[in-house]
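Student: Next up is a structure, given as structure tokens.
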Amino acid sequence: MNGDFGLDLTAVVHHVQTARIFSIFFPSLRRALVVDMRHGPEEGPMIRVMPMARSPHERLRGLKRLRPNLPRATEIVAIPWPIYVENLVRSGVWDKLAARVAESGYEHAVRSLNDALLELRRLERQELASLIRGDQYETIWSREGAES
């Protein structure tokens, strides 16, 4: 799986299956998949692709603003995912997440999860295209005598 990058898939799956709130963040995309499985009488779980937060506390404050009708969250699990989005699917992590969301019984959450995967794939394609074109990137080593 693109090298293992220090990922403990057993721990990732455990958190995806048990944490009330977690964020899988993609440093190369500067985005995070934020999953808040809490629900109340008027709202179900929230699944959303969001800009990366500077800290877990910042993410929790943002969730409070987004979900004011729910009790203040005090814990979040942050899971770094430094490899391709598609590896979430190939590794089986996405299937575990999809099963958990489906078990919640909230159809809108299932749709949100599917939409999030499409968005993450789109963002990754854009980032790879930018890398190939050289957008927002600079050469730090060049061949001696090569013309710019």
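So that you can map any letter, position 112 of the sequence shown is 796 in the numbering used here, and since no number is skipped, the others follow by simple counting. Glycine included, each C-beta is placed from N, C-alpha and C at the ideal position.
Among GLU742, MET730, ILE767, which residue has its Cα nearest to the Cα of ARG805?
Tutor: Out of GLU742, MET730, ILE767, ILE767 has the C-alpha closest to the C-alpha of ARG805.
Student: Which residues share a DSSP beta bridge with ARG784?
Tutor: For ARG784, which the question treats as bridged, DSSP gives no partner whatsoever.
Student: Given that a residue counts as buried once 16 or more other Cβ atoms are within 10 Å of its Cβ, and exposed if not, what is ARG795?
Tutor: Exposed, since its Cβ has fewer than 16 Cβ neighbours within 10 Å.
Student: In chain order, what residues of the same chain have a beta carbon less than 7 Å from the beta carbon of ILE760, not counting five sequence neighbours either side?
Tutor: Excluding sequence neighbours, ILE760 sits near ILE705, PHE706, SER707, PRO740, ARG743, LEU744.
Student: Quick check on ILE816: buried or exposed, where buried means 16 or more other Cβ atoms within 10 Å of its Cβ?
Tutor: ILE816 should be labelled exposed.
Student: Per DSSP, VAL719 forms a beta bridge with which residues?
Tutor: Answer is PHE706, ILE731, bridged to VAL719.
Student: I need the boundaries of the alpha helix (DSSP H) containing PRO740, first residue and last residue.
Tutor: Per DSSP, PRO740 belongs to the alpha helix (DSSP H) from 740–750.
Student: Exposed or buried, which one is TRP825 when buried takes at least 16 other CB atoms within 10 Å?
Tutor: TRP825 comes out exposed.
Student: From the DSSP output, read off the bridge partner residues of VAL769.
Tutor: For VAL769, which the question treats as bridged, DSSP gives no partner whatsoever.
Student: Quick check: the Cα distance between ARG722 and ALA737, rounded to an integer number of angstroms?
Tutor: Going by the C-alpha atoms only, they are around 20 Å apart.
Student: Helix, strand or coil for ALA762, going by three-state DSSP, please let me know.
Tutor: Strand at ALA762.
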